[in-house]
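Taken in order, the first sequence gives residues 0 to 495; the numbers are from numbering that gives the first Met the number 0. Just so it is clear, CB atoms sit at the ideal spot from N, CA and C, and this is done for glycine as well. Here's the structure we're looking at; comments come further down.
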Amino acid sequence: MKPRKFQAIRGTRDLLPPETALWNRVEQTAHEVFRAFGFDEIRVSILQMTDLFARSIGAETDVVAKEMYTFVDPLQGLPDPADFAVSPDRYVEAVEEAMKAGEIQVTDSNLRALVRLKSQLEIFQVRAGTQSAEEAQLKFRVAASQIQFGDSISLGPEATASVCRAYIEHNMQQLPQPVKLYYLGPMFRRERPQKGRYRQFYQIGAEILGGPDAPAIDAELIEMLMTFFHKCGLIGTELTINSIGHAADNCRRGYVRKLREELLKVKDKLGADSQRRIETNPLRVLDSKLEHEQPVILTLPHIADHLCDDCKAHYAAVKRDLDLRGVAYRENWRLVRGLDYYMRTTFEITAKGLGSQNAVCGGGRYDGLVELLGGPPTKGIGFAIGEDRLILSLEESGKAPAAQGRDVFIAWMGQNAYATAIRAAKALRSAGFRVEVPATELKFGKALERASKLGSRFALILGDDEVQSGEWTLKNLANAEQQKLTEQALLEYLRR
RNA sequence: GUGGGAGUAGCUCAGCUGGUAGAGCGUCGGUCUGUGGCACCGAAUGUCGCGGGUUCAAUCCCCGUCUCCCACCCCA
């Protein structure tokens, strides 16, 4: 019988050569550009406590409410509830202790399960030794299985929260401020897959934590971002910025209240989604792409007119600083961000060839986040680039890399030549060349054919003649010229 | 989660109101046992996405399901 064919999990994919070469190039560019701006790499674990994301991103957001991969990390070291040689009351004690110690989460459902467990324990003790004791045992085990043993953990849907957690956990406020960090790696969101959107996707991001309340920080971060895109060769990028103020009555909160009032007046002209958002998140109505809602949205009040003096000044200063750095931007008062923690500066970069998911980067300021996660009051700003989308856009504009060839293909024939081939390969490889040595003896015709199919620049021909004379034959596969060279001369020739 | 489109060889695809599969490219081998890219010859690989139904007969028609693509939602 044929074994089952496995396939990649929905929304995930394998990145294959030669595409992986492009991924490497992009990541290499990130390392170089970010280093040049004084950022250091941080690698945070993909698994984090579910609560970290619930608190930072917002428990009500789609990302947290329905898109996270979340599961219980089973607690080790409890006695087996099926093992009645250890008395069951010891088991109940152990569960209670673990709850007190915080090893088992104290949730409503766990508390209910504990109550059930205790009552089953009593029943079991009453019936001990009787025929129905077995049934009581079974029910005890069922009750035990309903307790969530252990922590709820999640695969990271983004990295900002994890970076902030690391900043706090490792006391980075002790370092010279601000702390500038960047990261790259896989993130997970359980959404319906689409062009440029995957369940396992990759982000390249950077965060600036701590430091003063200086608009230059926002501007430098954005300058770095645009430099990175430029170095990647991304074309058709467009930077959009906005300020969404801060959560105070004389600033964003006041604006949101006004916005909601205005929206209620025109409610009947809006679609169902937007009507729902009037209550849940009125700012998001501004983001609507529905054609028939556009005229209505244009009549709504602008947040810029409702910012407090500090936020207004900050926004103006950021724009001045961007001008100073020669960073071109477009303002869009309708640019709001979906994640709860954003404030003041928000920005987004779109690129070509991405279908409806045309945002290749999003970011913004989040001054309250570190404190929200239990750290000291700390400024923060960051961005996340969708690497999948970046790659997609590069490929659309013809930046797809060719297959990686070889520098030297060693065509050997005979056991003597094989030994020489091994030696030659070692020398060439340590000199940094990409070398292929066929594993089995091939006829010269076949060897050259393979060399050329692998995209080799040179074929090093080693047969009895060459071994005898010590003069190796090097053939340039592009122009068919060949010459005899000693081992030493060969290395020098290839190096230049 | 909602709506639309599509699944045939490794890849791109063909397959006529239903008669149990083909092409090109690629791979491998040969012509060609010390000289590749060309040419010619040959070979391998398909439960026609999966399950069920209609039929003498289904890649084709019907239903379900899975996956991919596109859009909505949301976001990178």
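Output the distance between the C-alpha atoms of residue i and residue j, rounded to the nearest integer angstrom.
i	j	result
I409	E40	40 Å
L258	G367	23 Å
C307	A247	9 Å
L453	L15	16 Å
R89	Q119	14 Å
L293	G155	One point to set straight first is that residue 293 is Gln, not Leu, in the sequence displayed. Rounded to whole angstroms, Q293 to G155 spans 35 Å at the Cα level.
P300	N241	14 Å
S151	Y166	22 Å
Y417	R449	17 Å
Y365	I243	11 Å
E18	L116	55 Å
A20	A402	8 Å
R428	F457	14 Å
G149	L113	14 Å
C360	R140	50 Å
S355	K264	30 Å
T485	D406	18 Å
A135	E92	18 Å
D497	R164	Because the chain in this structure spans residues 0 to 495, residue 497 falls outside the shown range and cannot be described.
F346	S44	26 Å
K194	L353	7 Å
I103	G209	34 Å
Once DSSP output is grouped into helix, strand and coil, what is the label at residue i?
i	result
N170	coil
V544	Given that the chain is displayed from residue 0 to residue 495, the structure contains no residue 544 and the question cannot be resolved.
A35	helix
G444	helix
F5	coil
R449	helix
F148	coil
D72	strand
Y90	helix
I243	coil
T344	strand
L289	coil
D13	coil
C163	helix
V407	strand
I216	helix
R456	strand
N475	strand
V434	strand
K99	helix
R333	coil
E40	strand
Can you pull the DSSP bridge partners for residue i?
i	result
T106	Per DSSP, none; premise fails for T106.
K257	The partner list for K257 (beta bridge, DSSP) is empty, contrary to what the question assumes.
Q47	S153
Q414	Looking at the DSSP assignment, Q414 forms no beta bridge with any residue, so it has no partner.
C310	The partner list for C310 (beta bridge, DSSP) is empty, contrary to what the question assumes.
M186	F200
A350	A350 is not bridged to any residue.
L461	W411
C360	I348, I384
A205	Y181, F382
E237	T349
According to the neighbour-count rule (16 or more other Cβ atoms, all chains shown, within 10 Å of its Cβ), is residue i buried or exposed?
i	result
H313	buried
K425	exposed
D61	exposed
S455	buried
Y492	exposed
L279	A quick correction: the sequence has Thr, not Leu, at residue 279. With fewer than 16 other Cβ atoms within 10 Å, it is exposed.
R388	buried
Q482	exposed
K65	exposed
E435	buried
F443	exposed
L110	exposed
R9	exposed
E96	exposed
T106	exposed
I277	buried
Under 8 Å: does the beta carbon of residue i sit that close to some heavy atom of the ligand MN?
i	result
Q27	The ligand MN is not part of this structure, which contains no ligands at all.
- Query: For the stretch 359–374 against the stretch 178–192, are there 3 or more C-beta pairs whose distance is under 8 Å?
  - Reply: With the cut-off at 8 Å, the stretch 359–374 and the stretch 178–192 do not touch.
- Would you be able to state if there are at least three C-beta pairs under 8 Å between the stretch 218–231 and the stretch 192–200? no
- Query: Given 8 Å as the limit, is there contact between the stretch 172–187 and the stretch 24–43, that is, 3 or more CB pairs closer than that?
  - Reply: Yes: the two stretches touch, three or more of their Cβ pairs being nearer than 8 Å.
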